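>
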């Protein structure tokens with residue numbers, strides 16, 4: 001048991017959660033964006049906030065960028081700035097949905113000029129990856145249609161495939177495409193990559209450097225996400241996660257806030273499929289909007305929620321589970337899983353943090369650090385970062 | 001049969017559909033608002049657009065306002081301007097979700113000062129109603145919470161009831177509250193008026209001048225909206241509709257675009273319950289966002305969709321239906337309904353328009369009018385109307 | 001803190017969970033019912049199984065009956081048999097969906113003869129209540145339609161109201177109607193009591209002895225059940241629960257199995273609204289189908305899941321929560337709730353059981369009791385109890 | 001225009017819709033199966049009913065069988081009997097969900113003996129295909145789990161792949177596997193083939209003789225089915241349809257009854273992708289349950305609904321649509337589609353029937369034929385066909 005406990009702790013120590021630069025900026029709904037004091041005004045300030053999350057949790061050393069929201073003149077300098085703050089730059093998220101040209105789509109647009117513009121942006125993102133040392137090009141396309149008949153579903157797939165192929169050809173040896181799917185929004189009738197099956201089919205055709213990203217908020221009601229995780233892992237096509245949570249549509253709440261049991265089941269499937277091993281390269285990213293809650297502590301809390309789900313999943317007694325499954329003892333098998341889930345893993349995680357020289361309570365430590373007050377005071381003037389919708 | 005046809009035509013001629021001032025402005029999703037040329041810059045210009053819809057359809061003489069989006073100095077002048085354009089001002093829509101104070105709610109906010117501010121706004125809207133001659137105060141509250149524990153569900157109901165009572169007391173004799181419910185968005189965990197039951201319970205307590213508004217996009221997946229319509233009509237608590245359509249969440253697409261059969265079923269229940277009779281006072285309003293499609297023709301199209309659904313519902317052979325229902329002939333009863341739905345009512349509506357001196361094809365007539373080109377040329381400079389999110 | 005702990009333990013000791021007689025019988029889906037060895041063949045044997053659940057959990061002293069599945073000649077004798085086994089008979093569940101006459105409905109059927117037949121059955125159930133000393137008539141109506149047009153929605157409401165009024169008039173002083181709603185199934189287009197609003201509206205008209213039952217599996221996808229619980233409690237119209245859980249439709253899985261966090265949130269609202277107090281009379285019932293898992297231990301497990309959710313909800317620090325809510329600290333308020341949820345309450349419950357002279361582990365104790373083997377051996381021949389669909 | 005009309009009529013004349021043998025038998029929900037008079041007692045009598053559907057519609061010459069529900073001694077004789085009645089035998093539907101051994105699954109069961117039993121059944125179905133001349137083995141697996149932890153998701157996929165490979169190897173040259181997916185039911189936590197992506201991935205690995213079947217009732221709420229149709233067509237992996245309709249879960253109502261616009265959109269994508277061409281081999285099957293409505297006329301009605309959706313889809317003006325799509329005119333493109341949908345195609349279909357020597361009104365013709373009365377009188381005694389759940 002002690003052996004298990006130590007192994008669990010070692011795995012938890014090794015865990016890496018990537019936080020999104022945009023999670024530190026303002027965000028909201030189509031109805032209103034409520035600005036918050038102290039919000040970063042530049043990519044550099046976002047990195048400073050991200051550094052705080054890593055400082056207090058110890059497991060968030062990577063930051064995803066979003067282009068053009070995080071556009072800077074010198075990406076190498078940005079990477080160096082990250083490193084100075086104990087961070088690395090992670091996935092580059094392309095944005096092909098905010099240019100006026102993209103009203104009817106980007107890489108799937110009927111007009112070849114618009115598609116070219118979008119592809120050029122994607123290629124520019126790979127250039128940025130070269131500069132930052134990022135390996136992951138994360139692609140989420142807002143492309144789709146709002147009305148039946150608006151465009152040709154099949155032709156849009158053709159254009160998508162062609163656009164992706166162009167970008168794929170540009171990837172460096174250690175670079176990959178992480179292709180994200182989403183059920184709906186902002187398109188309201190068809191979405192060009194609406195489900196894992198579509199993303200998977202495109203990745204298969206592109207080649208081994210294309211993998212699927214599972215955003216936990218991007219599914220139809222009732223979808224069994226952990227099933228998809230198990231399948232993609234089995235196929236070697238799980239590239240990573242965009243963690244967040246939701247009760248309804250793509251609510252982008254803090255990971256683990258809406259359905260902590262689901263997050264546990266997902267992490268269980270990740271572990272069952274060997275997905276925590278570094279060599280699988282699965283990126284554990286957050287993708288959230290902190291509309292009404294304080295942003296840095298919300299990210300901290302989300303990181304902790306992922307840690308707790310992971311810890312519980314690591315505690316599942318695999319032998320007991322396998323045995324109950326083999327004998328078809330439904331209740332016993334379920335009980336093994338639930339036993340791990342019912343465990344309060346917070347003491348274990350406090351221990352892990354203590355042994356790593358961290359405060360056992362990251363939320364309290366952050367609050368005590370004065371960072372929130374400091375940024376609220378100092379980050380005055382300029383334009384706060386946001387989505388720019 | 002000719003008699004029926006004439007009665008149907010008379011009803012269609014008498015139909016009144018209210019269009020929303022904000023439907024003529026820019027709108028979008030949290031990801032992007034795509035501006036369109038020629039979009040109105042003022043409430044006055046919105047009325048001019050609305051007048052075009054009425055000019056070509058003949059059944060859209062009323063316009064809902066949204067305060068503060070349609071704030072003007074002199075509401076009586078606005079009403080007069082409407083009249084000059086053949087219009088009347090309809091429901092006044094209050095907005096208690098875009099002030100920075102409303103981050104955690106308005107009439108349900110834990111802080112009494114914020115609630116007071118919100119109630120004051122609602123009272124000011126009644127003042128506007130006095131000036132415009134509007135009878136309807138339409139209340140949709142964005143109030144709710146994003147996270148479990150964030151606030152006390154029951155206390156929020158208490159505050160809501162108190163706020164509503166204050167406003168109700170201020171209503172003039174011919175004024176009423178139309179209380180709208182919404183499943184979710186922008187709140188992501190609880191919404192303070194999430195369903196018809198909650199709206200109905202509040203209306204019951206307020207009194208006869210409080211009625212429920214059914215926004216067709218504000219329900220859980222799979223909800224049978226026409227059932228709710230039938231129930232509210234039966235209880236005398238159906239105040240009106242916010243028509244629009246959706247495939248997923250609150251997509252706010254053109255009415256009848258996503259599920260024309262549903263719109264037909266709704267109109268059938270309206271007619272079955274006597275809801276088309278003017279004395280019921282049911283307001284048939286649109287509440288839509290034309291994010292990527294041209295706005296004025298989209299409103300025209302929506303009005304026509306409501307007309308077509310109404311026409312089909314009017315054609316249902318009530319005697320045949322009642323007879324099949326009485327004898328429990330499931331297929332025959334369904335066939336009677338479907339027979340009306342399968343009918344192409346466009347010739348009938350063209351006839352109705354022709355007899356009213358209108359072009360039989362409102363979309364073509366609008367296109368030929370040059371209004372779109374004219375506004376695109378002339379409405380230059382200033383700030384286009386939008387949601388201001 | 002010790003004081004709190006003792007109060008929590010006292011509450012947990014006083015908790016009463018009612019188990020359903022049909023949960024001990026065979027059940028399945030429309031595709032197949034898999035029979036299990038040892039399943040009771042009579043209501044008397046069901047009571048024996050229920051007695052085991054109470055013997056090992058200490059909190060399940062009541063059993064709901066379902067008529068005609070639990071039809072016996074002498075209900076007083078059945079009540080006495082229950083008492084001999086340490087049990088009381090709880091709610092009487094009426095069945096107006098399995099008679100061939102009910103193909104198109106029961107209390108809402110277009111034919112008055114069928115309605116009369118259904119009402120007679122309900123009245124007979126009240127007779128049974130008189131004999132068994134049950135106070136609750138639980139009414140779930142399978143009534144509805146499968147196709148648009150099949151019957152008149154409003155007329156069916158009228159018939160429903162009339163039928164309910166007849167039954168209500170027959171209730172004894174300490175008897176009540178518990179009216180259940182259900183989103184869909186077995187009807188596939190309209191259901192005559194599809195949501196809490198409809199049930200509530202009928203209860204209002206009937207009088208104080210009519211209350212709403214919340215079956216946790218009977219909602220549209222995404223519905224916030226705890227919100228409904230809070231509302232009904234506030235209105236004094238929450239009569240009880242049918243606990244079970246689901247991932248999709250009305251899956252009738254073990255309570256707490258699919259979304260333990262939801263069950264916790266529901267129990268939190270119950271406690272917040274004072275609903276655990278005996279005088280509120282809220283019935284905490286299970287309504288489940290153990291299709292593939294062993295039945296008695298599945299009921300035990302469900303009872304324990306409700307206990308654990310209750311224990312966690314009791315641990316919420318109300319002062320800290322209220323304070324965070326008052327100051328609008330979203331993260332702090334959520335953290336207070338999540339702190340209670342993250343707690344492993346199993347040690348506490350083991351303690352409660354130990355102090356009550358029970359084995360700390362009901363599942364293990366039941367397994368060791370040999371009851372399962374004994375019934376499998378002895379209950380041979382005859383017809384196993386089931387739904388008789 | 002006349003040319004188009006003639007081409008449309010030719011296509012409608014050539015259309016083939018396959019009806020399911022089980023659609024003529026009794027069916028119901030888990031709550032109750034309501035038996036109907038005149039229901040067939042044998043596969044032979046089911047064919048007689050199916051022959052009536054073809055006699056009056058002219059487009060339903062094929063019948064799907066379900067084994068073991070349609071087990072007979074001599075399948076060649078059954079095929080000959082079909083031919084005598086103007087029919088051909090279509091897909092053979094395997095059943096691996098009603099044997100007691102399948103409680104925890106069939107081809108995915110943890111126990112190799114159970115899997116072998118299931119695979120043997122599938123191989124036996126191919127034998128039957130050899131005897132009947134059927135080309136399609138339709139596989140729907142009820143396999144899945146009800147509780148988290150119950151079995152290993154990934155191991156079940158492995159077993160599924162292995163089982164499928166064995167069956168695939170046995171297929172004759174002109175035989176194929178049609179693999180069906182289903183969101184949930186009867187399994188309530190995981191389903192082993194829950195979505196088109198999973199079915200597609202398995203088909204890819206099996207080879208060209210494995211294709212996906214789209215059952216219109218087997219999707220998550222809100223799923224865009226026509227998108228899936230377009231994708232599978234594009235990939236050459238659309239094997240066929242199980243048409244039916246639903247408002248909620250897998251309601252199995254008559255095709256086109258719940259959302260006729262959706263059926264039209266699906267048929268539009270079929271036509272757009274060339275799927276009506278005989279050489280694509282797409283099987284247009286019905287898979288429905290007529291629980292409360294008369295069965296033969298319900299099948300007739302469903303066939304007509306598919307015909308009407310097809311006719312409308314054929315009327316879409318492709319040039320106008322393509323042009324509007326190319327220029328990004330959202331409203332115009334939508335209008336082209338809606339124009340076809342709004343058309344009343346019943347006169348056209350009456351014409352098609354008349355020219356084929358059929359009564360223009362199949363429902364009335366069937367009613368007048370006296371078949372219903374005849375079977376009700378003559379099919380007395382014996383056991384009515386049903387699902388045998």
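Protein chains in written order, with full-length UniProt numbering: chain A, 1 to 389; chain B, 1 to 389; chain C, 1 to 389; chain D, 1 to 389. Each residue gets a CB set at the ideal place from its N, CA and C atoms; glycine is no exception. Everything numeric in this text was worked out from a predicted model, so none of it was measured.
Put residue 250 of chain A into one of helix, strand or coil per three-state DSSP.
By one-based count along the first chain, residue 250 of chain A stands at place 250. In this structure, residue 250 of chain A counts as coil in the three-state DSSP scheme.
> I'd like the list of long-range same chain contacts for residue 125 of chain B, defined as Cβ closer than 7 Å, with 5 residues on each side in sequence excluded.
Taking the second chain and counting its residues from 1, one reaches residue 125 of chain B at position 125. Closer than 7 Å at the Cβ level, and outside the excluded window around residue 125 of chain B, lie 67, 92, 94, 137.
> Taking the alpha-carbon positions, what's the residue 149 of chain D to residue 239 of chain A distance?
By 1-based counting over the fourth chain, the position of residue 149 of chain D is 149. By 1-based counting over the first chain, the position of residue 239 of chain A is 239. Cα to Cα, residue 149 of chain D sits roughly 24 Å from residue 239 of chain A.
> With a cut-off of 8 Å on the beta carbons, I'd call residue 178 of chain D and residue 283 of chain D a contact; round off their distance for me.
On the fourth chain, residue 178 of chain D is found 178 positions in, with the first residue counted as 1. On the fourth chain, residue 283 of chain D is found 283 positions in, with the first residue counted as 1. Sure, about 7 Å apart at Cβ, within 8 Å.
> Please report the residue range of the alpha helix (DSSP H) in which residue 308 of chain A lies.
The residue labelled residue 308 of chain A in the question sits at position 308 within the first chain. Taken as a continuous stretch (DSSP letters only), the alpha helix (DSSP H) holding residue 308 of chain A covers 295–314.
> Near residue 221 of chain C, what residues of its chain come up, given a Cβ to Cβ distance below 7 Å and the 5 sequence neighbours on each side ignored?
As a first step, residue 221 of chain C is located in the third chain; it is residue number 221 there, counting from the start. Excluding residues within five positions, none has a Cβ falling inside 7 Å.
> Establish whether the CB of residue 200 of chain D and some CB of chain A are separated by less than 8 Å.
As a position in the fourth chain, residue 200 of chain D is number 200, starting the count at 1. So, interface residue.
> Identify every residue that forms a DSSP beta bridge with residue 151 of chain B.
As a position in the second chain, residue 151 of chain B is number 151, starting the count at 1. According to DSSP, which records beta bridges pairwise, residue 151 of chain B is partnered with nothing at all.
> To the nearest angstrom, report how far apart residue 340 of chain C and residue 261 of chain C are at their CA atoms.
The residue given as residue 340 of chain C occupies position 340 in the third chain. The residue given as residue 261 of chain C occupies position 261 in the third chain. Answer to the nearest angstrom: the Cα atoms are 11 Å apart.
> If we cut at 8 Å on Cβ distances, does residue 29 of chain B have a partner in chain A?
Here the question's residue 29 of chain B lines up with position 29 in the second chain. By this cut-off, residue 29 of chain B is an interface position.
> Strictly under 8 Å for the Cβ-Cβ distance: is residue 185 of chain C near chain D by that measure?
For the purposes of this step, residue 185 of chain C is taken as residue 185 along the third chain, with counting starting at 1. Judged by the 8 Å Cβ criterion, residue 185 of chain C is in contact with chain D.
> What in chain C is Cβ-close to residue 321 of chain B, meaning under 9 Å?
Within the second chain, the letter at position 321 stands for residue 321 of chain B. Simply 149, 152.
> Going by DSSP in three states, residue 380 of chain C sits in which element: helix, strand or coil?
Position 380 of the third chain holds residue 380 of chain C. Coil, per DSSP.
> Rank D/3, D/11, D/2 by C-alpha distance to the C-alpha of residue 308 of chain D and give the top, closest one.
Mapped onto the fourth chain, residue 308 of chain D falls at position 308. Taking only the C-alpha atoms, the option nearest residue 308 of chain D is D/11.
> List the residues that DSSP assigns as beta-bridge partners of residue 164 of chain C.
For the purposes of this step, residue 164 of chain C is identified with residue 164 of the third chain, where counting begins at 1. Residue 164 of chain C is not bridged to any residue.
> Measuring CA to CA, which of C/62, C/102, C/59, C/42 is closest to residue 73 of chain C?
As a working mapping, residue 73 of chain C is identified with position 73 in the third chain. For the residues C/62, C/102, C/59, C/42, the minimum Cα distance to residue 73 of chain C belongs to C/42.
> Tell me, please, which residues DSSP counts as bridged to residue 177 of chain C.
Taking the third chain and counting its residues from 1, the one referred to as residue 177 of chain C is at position 177. DSSP lists C/137, C/210 as partners of residue 177 of chain C.
> Determine the contact status of residue 256 of chain A and residue 306 of chain A, defining contact as a CB-CB distance below 8 Å.
The count along the first chain starts at 1 and reaches residue 256 of chain A at position 256. The count along the first chain starts at 1 and reaches residue 306 of chain A at position 306. Cβ atoms of residue 256 of chain A and residue 306 of chain A: closer than 8 Å.
> For residue 248 of chain C, decide whether its Cβ has a neighbour in chain A, counting only Cβ atoms nearer than 8 Å.
Walking along the third chain from the start, residue 248 of chain C turns up at place 248. Yes, residue 248 of chain C counts as interfacial toward chain A.
> Pick out the complete beta strand (DSSP E) segments inside the region 22–81 of chain C, 3 residues or longer, and give them in chain order.
Correct list: 62–67.
> Between residue 81 of chain C and residue 63 of chain C, what straight-line distance do the alpha-carbon atoms span, to the nearest angstrom?
Taking the first residue of the third chain as position 1, residue 81 of chain C is located at position 81. Taking the first residue of the third chain as position 1, residue 63 of chain C is located at position 63. Whole-angstrom Cα-Cα distance: 12 Å.
> Among the residues of its own chain, which have a CB less than 7 Å from the CB of residue 400 of chain B, if the five just before and after it don't count?
Nothing about residue 400 of chain B can be reported from this structure: the residues present for chain B run from 1 to 389 only.
> Cβ of residue 193 of chain B less than 8 Å from any chain C Cβ?
Here the question's residue 193 of chain B lines up with position 193 in the second chain. No, because no Cβ of chain C sits closer than 8 Å to the Cβ of residue 193 of chain B.
> Would the region 218–235 of chain B and the region 269–278 of chain B be scored as touching if the rule is three or more Cβ pairs under 8 Å?
These segments touch.
> Beta-carbon of residue 293 of chain D versus every beta-carbon of chain B: anything under 8 Å?
As a first step, residue 293 of chain D is located in the fourth chain; it is residue number 293 there, counting from the start. Output row for residue 293 of chain D: interface = yes.
> Please list, in chain order, all residues of the same chain as residue 13 of chain B whose beta carbon is under 7 Å from its beta carbon, the five residues on each side excluded.
Mapped onto the second chain, residue 13 of chain B falls at position 13. Excluding sequence neighbours, residue 13 of chain B sits near 352, 356.
> Kindly identify the DSSP beta-bridge partner or partners of residue 92 of chain A.
Here residue 92 of chain A corresponds to residue number 92 of the first chain, with the count starting at 1. In DSSP, residue 92 of chain A forms a bridge with A/65, A/137.
> Check whether the region 277–296 of chain C and the region 326–346 of chain C touch, using three or more Cβ-Cβ pairs below 8 Å as the test.
Not touching, per the Cβ criterion.
> Counting only Cβ pairs nearer than 7 Å, list the residues of chain B close to residue 342 of chain D.
Translated into positions along the fourth chain, residue 342 of chain D becomes position 342. Near residue 342 of chain D (Cβ distances below 7 Å), the residues of chain B are 344, 346.
> Give me the chain D residues within the contact set of residue 110 of chain A, using Cβ-Cβ distance strictly less than 9 Å, ordered along the chain.
The residue labelled residue 110 of chain A in the question sits at position 110 within the first chain. Those within 9 Å of residue 110 of chain A in chain D are 325, 326, 327, 328.
> Pairs of beta-carbons, one from the region 52–62 of chain A and one from the region 104–121 of chain A, closer than 8 Å: are there three or more?
As far as the Cβ criterion goes, the region 52–62 of chain A does not touch the region 104–121 of chain A, which means the pair count is below three.
> Taking C-beta pairs closer than 7 Å, name the residues in chain D that residue 260 of chain B reaches, listed in chain order.
Counting from 1 along the second chain, the entry for residue 260 of chain B is found at position 260. The contacting residues are 261.
> If contacts are defined as beta-carbon pairs under 8 Å, then residue 291 of chain D and residue 23 of chain D qualify, I think. What distance do you get, rounded to the angstrom?
Counting from one through the fourth chain, the residue named residue 291 of chain D turns up at place 291. Counting from one through the fourth chain, the residue named residue 23 of chain D turns up at place 23. The Cβ separation is near 11 Å, so there is no contact.
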